[in-house]
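In the working numbering, the protein residues as written are 34 to 122. Quick reminder that beta carbons are idealized off the backbone N, C-alpha and C, glycines included. Following: one structure in structure tokens, then a few remarks.
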Amino acid sequence: MNRLVSEGHMTCGPHPDDRRRQVLDVTASGFGHVMGELAPLLGLVFGAADGLTEAEGAGAERYLQNVASAYRHYLEQDASSEGSPGPGT
Numbered sequence: 034m035n036r037l038v039s040e041g042h043m044t045c046g047p048h049p050d051d052r053r054r055q056v057l058d059v060t061a062s063g064f065g066h067v068m069g070e071l072a073p074l075l076g077l078v079f080g081a082a083d084g085l086t087e088a089e090g091a092g093a094e095r096y097l098q099n100v101a102s103a104y105r106h107y108l109e110q111d112a113s114s115e116g117s118p119g120p121g122t
């Protein structure tokens, strides 16, 4: 964390409601750096659907929507139980 702040990729400041916590924010240079590193991978990922039939693409899209929904559900449960032990504890 300290290296990312010192290199200007993130900022660190006090949490607005809990002074014991710190809030990290990504700067424009940090976002640009990450996107620069991920661009080749994202190009490959976006091309992964090339050659799929319409039915195959629809099935893959439905699967990925279900995965995203499962993540959202998990995060909502985690947020509602903040302060209690997390999964695997």
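DSSP-derived helix/strand/coil call for residue i
| i | result |
| --- | --- |
| PRO73 | helix |
| MET34 | coil |
| GLY92 | helix |
| GLY65 | helix |
| GLY46 | strand |
| GLU40 | coil |
| SER102 | helix |
| SER114 | coil |
Integer-rounded CB distance, given that residue j should sit under 8 Å from residue i
| i | j | result |
| --- | --- | --- |
| VAL56 | HIS48 | 5 Å |
| ALA82 | ALA93 | 7 Å |
Residue interval of the beta strand (DSSP E) (run including residue i)
| i | result |
| --- | --- |
| ASP58 | 55–59 |
Short CB-CB distance (under 8 Å) between residue i and chain C
| i | result |
| --- | --- |
| ASP50 | Here chain C cannot be found, since the structure has a single protein chain. |
Stretch pair the stretch 57–69 + the stretch 35–42: three plus CB contacts closer than 8 Å: yes
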